[in-house]
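So in my numbering, spot 235 of the sequence shown is number 239, and the numbers just go up one at a time.
For each residue, glycine too, the CB sits at the ideal point set by N, CA and C.
Working notes, structure below.
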Amino acid sequence: MTNVVTLDQNGNSQDVLARVKALLEQSTVTQAQVAKEVGISPTTVNQLLNGNYKADPVAMVQKLANWLTARDQRADAPRDPGFVLTETAKQIRADMTYALTTQSIVIIHGSSGVGKTTALREFQRNNNNVWVITTSPSRATMTECMYELAMELGMENAPRLRGPLARALRRRLLNTKGLIVVDEADHLDRATLEELRILVEEVEVGMVLFGNSRVYTQLTGGQRSEDFARLYSRVAKKRALTKAKKADVMAVADAWNIDGAAERDLLLRISERPGALRLVNKILKLAVMYSGGEPLTEAILRHAFNELEGE
């Protein structure tokens with residue numbers, strides 16, 4: 005399928021301009037949006053629509069025609085459903101609600117790609133005073149982690165020294181009854197986790213630590229009794245998510261209107277690979293691009309999978 009439509013000098017050109025005008029009149033898009041998506045200036049769009057374009061308009065109208073065709077193809081293609089409330093997402097929502105309402109510490113850990121980050125971001129969108137930070141090797145020290153939290157709290161002029169920063173965070177969080185969420189918490193060392201534990205206890209907010217299994221095993225193995233006893237004893241709830249559930253995959257398939265047994269079975273088998281639901285969603289998005297607006301078949305899904313895997 006091509007998005008190139010060859011115009012004649014009169015009929016098709018007028019049809020294209022009429023369609024663009026109709027979209028603008030319906031407030032479906034703005035003139036600025038059209039110009040940006042087509043790749044021409046707003047002035048040129050205005051001149052074309054009003055018949056004031058001084059040069060030969062064929063090339064510019066061709067761009068508008070291509071834009072309309074691509075727009076039609078996107079409209080006909082299966083829609084990305086966005087967030088899907090899977091069984092795992094429901095569990096995460098319940099755990100985060102518990103941490104928020106009781107000002108408790110919760111640990112949610114497990115395999116990559118099962119939907120942890122997607123679910124926590126959805127929870128944040130639907131609740132007030134939920135602050136999410138993501139740690140990384142460059143943001144894993146105590147000062148960097150605390151400063152990341154300050155930025156999430158809107159403290160643009162937060163101190164950079166550890167002591168003043170800790171005191172500023174306490175003043176900001178006191179009486180908020182909120183929830184601190186740390187994604188990729190497996191990057192944090194004992195001292196940083198202990199600082200966060202003391203912080204949430206002092207200001208009476210909840211905290212959820214998300215990460216791979218290391219965030220939990222470092223609390224329960226080896227020197228736990230010496231190094232992590234105070235934190236571990238205060239963890240009110242723990243949840244292990246070791247793999248994508250079949251029900252989760254089926255919920256995603258339902259959201260994408262994939263009903264065929266062969267297609268659903270293929271998605272289930274793909275979810276068992278590293279990346280789990282994240283991989284499934286990437287394949288579905290690529291498959292939509294290949295589908296040309298047609299239903300997503302097993303062949304299209306397999307082609308998308310092979311492309312992503314480089315096979």
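Under a 10 Å Cβ-count criterion, T106 is classified as exposed, with fewer than 16 other Cβ atoms of the shown protein chains found around its own Cβ. Under DSSP, A244 forms a beta bridge with H113.
The criterion of a C-beta distance shorter than 8 Å is not satisfied by A144 and L213.
Taking 8 Å as the cut-off, the Cβ atoms of G119 and T90 count as close. DSSP, reduced to helix, strand and coil, places I137 within a strand of the structure shown.
In this structure, D187 keeps its C-beta atom at 8 Å or more from the C-beta atom of V134.
Between H113 and G215, the C-beta spacing is below 8 Å.
Contact annotation, G86 with G279: C-beta distance approximately 19 Å; criterion of less than 8 Å not satisfied.
Here the alpha carbons of A59 and T122 stand approximately 50 Å from one another. Annotated three-state conformation of G215 is strand, per DSSP.
Annotated three-state conformation of G279 is coil, per DSSP. Rounded to the nearest whole angstrom, the CA to CA distance from A233 to G167 is 24 Å.
Taking 8 Å as the cut-off, the beta carbon of L300 is found no closer than this to the beta carbon of V284.
Counting only runs of 4 or more residues that sit fully inside the stretch 151 to 224, the alpha helix (DSSP H) segments are 166 to 177, 194 to 207 and 218 to 224, in chain order. By the Cβ rule, the stretch 57 to 77 counts as touching the stretch 19 to 34, because three or more pairs are nearer than 8 Å. Counting other Cβ atoms within 10 Å of its Cβ, D252 reaches 16 or more and is therefore classed as buried. Remark: C-beta atoms of R268 and I274 do not approach each other more closely than 8 Å. The beta carbon of I304 is closer than 6 Å to those of A291, Y294 and S295 in its chain, skipping five residues each way along the sequence. In this chain, the alpha helix (DSSP H) harbouring R125 covers K120 to R129.
Non-local C-beta neighbours of R277 in its own chain, meaning closer than 8 Å and more than five positions away in sequence, comprise L283, ordered along the chain. The three-state reading of DSSP puts V256 in helix, counting H, G and I together. With fewer than 16 neighbouring CB atoms inside 10 Å of its own CB, A98 falls in the exposed class. Take the alpha-carbon of E198 and the one of E313: they are about 41 Å apart.
Residues of the same chain with a CB within less than 6 Å of the CB of L177, apart from the 5 flanking positions on each side, are V207 and V209 in chain order. Counting along the chain, the unbroken alpha helix (DSSP H) around Q18 starts and ends at G15 to E29. For I44, there is no enclosing alpha helix (DSSP H), as DSSP marks it with neither H nor E. Cα atoms of W71 and E41: separation of roughly 8 Å, rounded to the nearest angstrom. Non-local beta-carbon contacts of A195 in its own chain, meaning distances under 7 Å to residues more than five positions away in sequence, involve M146 in chain order. Taking 8 Å as the cut-off, the Cβ atoms of A154 and L173 count as close. With a threshold of 16 other beta carbon atoms within 10 Å, R201 meets it and is buried.
L288 sits away from T92, with the two beta carbons spaced by 8 Å or more.
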